[in-house]
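So the structure is just underneath, and the comments pick up after that.
Residue numbers (our numbering): 2 to 798.
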């Protein structure tokens, strides 16, 4: 019963974990959030106490109701609702099975339903957290199935009929009125006698299962073995998963500018052409490096201080531009690109001389973006044996390459050295303002009213200069002490727009919220503006190299007035710097571990591409095999040289008596000793295996001896088995010819029972226990006496 309890608890825990994973994958209050609670209630009320068992009729009725609910959800929503309808149907079915008796068929159903829930959750959620939960679910599922198999084996071995249909002698006792009933094993014995009896008891074997009466079912050896095999299975499965070609994702070939590269998704540090407010906070808690940069004065070769160069550009810290977003979708809190880009400008031709060179070493990312301090005059990207072109988008000035940096990148960016303002982002046509940068958001009426009040904007003709309005709005958000910097972005009013909730209710958020609010408020007073994601600051090391980590991610605003773009940063700088420092070396290891796991899940599971497989697995594997083969070829040459040197050494007796000769003698004796030891060890193993084979053969012959005895008794009566006859057909023939003798001795079922045992021992390799063997010998002796008596009666006058 202890094993059954563990198995039922593990089964309920598996269902609870699957429901919990599906709930967090859906990301909102969903029915499956109740699965862990219902699993606990089902384990206590249904499995342990049997008080909450759902009858089959009620289970069918609940299943029909669940199907109706799922169909109503399926036809009442869009594509996401259809997927969730199927997921909820799996949850409802799991609830129904939880409150039924866990017979093997329903146990299999519950395992299958939990696995399907995990699969659906993987479609809805692709973060590192879900990956960790998947690994946990795998180990729990393997443990559950192991307990299930063990429980089934226990039922077969400890059933009243045993393995061969005969009642076990240690489980049966006589009733007063006759008949048999099950009795507890070793009933009525003391603890010492119980222990001694169990130690003396022989093991019972059925097929490949062995039961030792003195051992428990659940032991540390079983748990450790289950964990070991689960780990090995997970490792093998992971290898196959990583090496299976992702043919449906893409070829990974270099792309051209005509393929609209800036519209591609960027899967690093939260930078994407479609950014959801709230996701940025996860990036700010990570200390994972993104790139390293060194600023060089090209004419003199002098390394410049990045912070000093940023001051020359008019910013307090180095700003590395990344994504540029212009379109805001109200209520959803989503920033998107404004549509297709008109054209791109190549910036890797006619590279300028006598400028400041920014040398970047970028970590592998699923992106084509090239981070840089603007303004830029040119860019050159370095890839081994690959032609990569650098482009700049005309409208936004965003810098990118013609392929993703899935194996990292090294590139140089050329900037002016004369201390030009950071507002000088573009030249000529690149300074144009598009309508999307002017477009206000009419849905945010309250935010627009606040912006006009703060900026002093009365109407289109009556308002302060744009520079003054921008200064007032930045001061309102950054310097008024009405808003504070925080990574906690929990909404106060989930039904309102995220920016409205930030400005009027929560009044706390990170840089993305400050920048979003300023962008929309500038547009409300007719100042073109757009949101920029990138990096700000970094860790300066010796040698003037600046390491930029994910915690340095930042969002700011670019506003257009006075015939050029200006960089505006409404985020409270002191609070942001304190937050960045807090995520530094003090707790860096924990965040690094979490970030590493999340990045590994995203890189090797969610966003794995064929190009990445080729660079990370196929090419290194091919290189290793090639090097191994070349090494073997070299070893063959070395072996030939060694043999020739040995011959020369042996042909010169004077070399035998030297330190070289002594060393060679020692090595030869050591090798000879090893060979002798291996031969002796192999001989012992061979003798052991041969003894095991002989013992098994002898035991099998001894166990089938009862059938040979039966055959000899029949031959004495003139009953010989014909060649075409099977053992069963011969038994039926003997029963028909000896029916009177068998009936008189109460042995009518002996031939049929004997041939069944013969098949079990001979072909099923299930040896008889001592009780069955002694009982069969006794019944064969009774048959021999009956046949002898029948012969004596026939010979009497």
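The C-beta atom is built at its ideal place from N, Cα and C for all residues, glycine as well.
Could you check if residue 552 is buried or exposed, using at least 16 other CB atoms within 10 Å of its CB as the buried criterion? buried
According to DSSP, is residue 293 part of a helix, a strand, or is it coil? strand
DSSP state of residue 702, grouped into three classes? With a pLDDT of 48 at residue 702, under the threshold of 50, the modelled position of that residue is not reliable, and no figure is offered here.
Take residue 323 as the anchor and find which of 92, 535, 133, 157 has the nearest alpha-carbon. 535
Residue 398 classed as buried or exposed, judged by whether at least 16 other C-beta atoms fall within 10 angstroms: buried
Note down the Cα distance separating residue 34 from residue 522, rounded to an integer number of angstroms. 39 Å
Taking just the CA atoms, how far does residue 89 sit from residue 175? For residue 175, the pLDDT reaches just 39, beneath the cut-off of 50, and the residue's location in the model is therefore unreliable, although a value from the coordinates is still provided. So the two alpha carbons sit approximately 54 Å from each other.
List the endpoints of the continuous alpha helix (DSSP H) containing residue 363. Careful: residue 363 lies outside any alpha helix (DSSP H), inside the beta strand (DSSP E) at 357-363.
Option nearest residue 19 by Cα separation, candidates 116, 109, 563, 27: 116
At least three beta-carbon pairs within less than 8 Å, the stretch 467-486 to the stretch 561-576: yes
May I ask which residues mark the beginning and end of the beta strand (DSSP E) holding residue 332? No beta strand (DSSP E) contains residue 332, which DSSP labels as neither H nor E.
Would DSSP call residue 1 helix, strand or coil? Only positions 2 to 798 of the chain appear in the structure, and residue 1 is not among them; the question remains open.
In the DSSP assignment, the alpha helix (DSSP H) including residue 414 goes from what residue to what residue? Residue 414 -> not in any alpha helix (DSSP H); beta strand (DSSP E) instead, spanning 410-416.
If you reduce the DSSP assignment to three classes, tell me which class residue 448 lands in. helix
DSSP three-state assignment for residue 65, whether helix, strand or coil: helix
For a test of the three-state rule: what should DSSP assign to residue 299, helix, strand or coil? coil
Residue 287 versus residue 537: straight-line alpha-carbon distance, rounded: 14 Å
Name the two residues that bound the continuous beta strand (DSSP E) containing residue 8. Note, residue 8: premise wrong, no beta strand (DSSP E); alpha helix (DSSP H) at 3-27.
Buried versus exposed, by CB contacts within 10 Å (16 or more), residue 424: Low confidence applies to residue 424: its pLDDT is 44, below 50, so where it sits in the model is not reliable, and the reading given next is rough at best. With 16 or more other Cβ atoms within 10 Å, it is buried.
Between the beta-carbon of residue 778 and the beta-carbon of residue 707, is there less than 9 Å? yes
Straight-line gap, residue 148 to residue 69 (C-alpha atoms, nearest Å): 35 Å
If we count the other Cβ atoms within 10 Å of its Cβ and call it buried at 16 or more, is residue 263 buried or exposed? Low per-residue confidence applies at residue 263: pLDDT is 35, beneath 50, and the placement is therefore not dependable, though the value from the model is reported in the following sentence. Result: buried.
Check whether the stretch 356-363 and the stretch 400-414 touch, using three or more Cβ-Cβ pairs below 8 Å as the test. yes
In whole angstroms, give me the CA-to-CA distance for residue 8 and residue 237. 26 Å
Please tell me whether residue 445 and residue 498 are closer than 9 Å, where the distance is taken between their beta carbons. yes
Where does residue 770 sit, in a helix, a strand or coil, going by DSSP? coil
Count the other CB atoms within 10 Å of the CB of residue 684; is the residue buried (16 or more) or exposed (fewer)? exposed
CB-CB under 8 Å to residue 434, same chain, minus the five flanking residues each way: which ones, in chain order? 529, 561
Roughly how many angstroms separate the alpha carbons of residue 671 and residue 145, rounded to a whole number? 51 Å
Where does residue 714 fall in DSSP's three states? helix
Quick check on residue 624: buried or exposed, where buried means 16 or more other Cβ atoms within 10 Å of its Cβ? exposed
Residue 184, buried or exposed, once every other Cβ within 10 Å from all chains shown has been counted against 16: For residue 184, the predicted model reports a pLDDT of 40, less than 50, meaning its position is unreliable; a value from the coordinates is still stated below. Burial call: exposed.
Considering only the alpha carbon of each residue, which of 336, 682, 355 lies closest to residue 516? 336
Cβ-based burial, residue 496 [other Cβ within 10 Å; buried from 16]: exposed
Considering residue 556, what are the terminal residues of the beta strand (DSSP E) in which it resides? 554-562
Does the separation of the CB atoms of residue 475 and residue 519 fall below 9 Å? yes
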